[in-house]
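Student: Just so we're aligned, residue 1 is where the sequence shown starts under UniProt numbering, counting upward by one. Glycine residues also receive a C-beta, built at the ideal position from the N, C-alpha and C atoms. Just passing along the structure, written as structure tokens.
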Amino acid sequence: MNLDNIRIVLVNTSHPGNIGAVARAMKNMGLKNLYLVEPRQFPDEQAQWRAAAASDVLDRAVLSSSLAEAVADCQFVVGTSARGRRIPWPLLDPRHCAQRMAEASSREQVAVVFGREDRGLTNDELQLCNLHLNIPTSADYSSLNLAMAVQIVCYELRMLLEADTLPQREDEQWDTPFSSSENMERFYQHLEQTLVDIEFLDPAAPRQLMSRLRRLYGRVRLDEMELNILRGILTETQKFVPRPVAEGE
């Protein structure tokens with residue numbers, strides 16, 4: 001994937017603050033090519049303010065007089081659509097669409113087109129697109145802020161770019177080896193003895209306490225350092241347990 005070959009195109013954006021927010025969302029995910037088709041108000045201080053540290057994306061923004069002009073050199077154009085159309089068109093969700101865009105961007109210019117805040121893209125504009133993209137939302141409230149929609153699409157592209165570097169498991173980059181079964185058994189024996197010493201556990205009526213604690217710690221998966229910390233706590237706890245006085249002392 002080549003993010004330099006992917007552009008975000010905004011059509012007739014009504015509020016300059018939304019343009020700034022889109023620039024920020026793009027830069028967060030590593031995209032920098034912003035095209036603006038007849039924005040109602042740009043340049044504008046509100047756009048700069050909302051862009052925060054992404055003002056460089058705004059400074060490079062390309063202004064176009066029509067969508068056709070903004071995508072004229074693109075080989076793959078994706079149009080965001082919030083509703084079904086009379087004539088069915090190829091349609092994907094952001095995750096699957098990102099895969100298509102990633103593949104195309106390695107050799108082609110790709111455009112992702114977002115329409116007006118209040119009514120999206122027209123049918124004529126959508127017909128300029130090779131593929132339509134729809135972001136699934138709750139039926140209770142389906143309206144998405146423009147910058148939020150852009151962020152979702154850019155995020156899916158970023159996830160594909162980072163796929164090989166992201167951990168596949170929550171403990172993949174752990175700093176300490178996990179405890180062995182043998183060491184865990186020593187810990188359970190130490191724990192049980194400590195609970196007996198402080199009279200929390202009655203050996204005559206254990207009531208499955210140790211079984212439940214085994215289940216708890218087994219679910220957590222302790223590493224060696226964590227295990228040593230817990231055993232140190234148990235050792236210090238035992239120091240405060242009164243010991244029976246031997247005869248003659």
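#1: Which value, in whole angstroms, describes the spacing of the CA atoms of Pro94 and Val153?
#2: Going by the beta-carbon positions, is the gap between Arg60 and Ala21 smaller than 8 Å?
#3: Does the segment 98-108 touch the segment 36-45, meaning 3 or more C-beta pairs lie closer than 8 Å?
#4: In the DSSP assignment, what residue or residues form a beta bridge with Gly79?
#5: State yes or no: is the C-beta of Lys32 within less than 8 Å of the C-beta of Val57?
#6: Is DSSP giving Asn33 helix, strand or coil here?
#7: So is the beta-carbon of Met210 under 7 Å away from any non-hydrogen atom of the ligand FAD?
#8: Out of Val150, Pro177 and Leu216, which has the shortest C-alpha to C-alpha gap to Asn28?
#9: Could you please give the first and the last residue of the uninterrupted alpha helix (DSSP H) stretch that includes Ser64?
#10: Would you kindly report the start and end of the unbroken beta strand (DSSP E) that includes Arg207?
#11: Quick one: give me the first and last residue of the alpha helix (DSSP H) that Leu166 is part of.
#12: In terms of residues, what are the limits of the beta strand (DSSP E) holding Val11?
Tutor: Looking at the atomic coordinates:
#1: Translated into the one-based positions of the sequence shown, residue 94 becomes position 94. Translated into the one-based positions of the sequence shown, residue 153 becomes position 153. C-alpha separation (whole angstroms): 6 Å.
#2: Taking the first residue of the sequence shown as position 1, residue 60 is located at position 60. Taking the first residue of the sequence shown as position 1, residue 21 is located at position 21. No, Cβ-Cβ distance for Arg60 and Ala21 is not below 8 Å.
#3: no
#4: Within the sequence shown, numbered from 1, the residue matching residue 79 stands at position 79. BP columns for Gly79 point to Val113 and His132.
#5: Counting from one through the sequence shown, the residue named residue 32 turns up at place 32. Counting from one through the sequence shown, the residue named residue 57 turns up at place 57. For Lys32 and Val57, yes; Cβs fall inside 8 Å.
#6: In the sequence shown, the residue the question calls residue 33 occupies position 33. It is a strand residue.
#7: Absence of the ligand FAD from the depicted structure is noted, as is the absence of any ligand whatsoever, leaving it without description.
#8: Along the sequence shown, read from residue 1 onward, the residue named residue 28 stands at position 28. With distances taken between Cα atoms, Asn28 lies closest to Val150.
#9: Position 64 of the sequence shown, counted from the first residue, corresponds to residue 64. Segment Val62 to Ser64 is the beta strand (DSSP E) holding Ser64; no alpha helix (DSSP H) there.
#10: Counted from its first residue, the sequence shown places residue 207 at position 207. Neither: Arg207 is in no beta strand (DSSP E) and is coded neither H nor E.
#11: Residue mapping note: residue 166 aligns to position 166 of the sequence shown, counting from 1. Premise fails: Leu166 is in no alpha helix (DSSP H) and is neither H nor E.
#12: As a first step, residue 11 is located in the sequence shown; it is residue number 11 there, counting from the start. Start and end: Ile6 to Val11.
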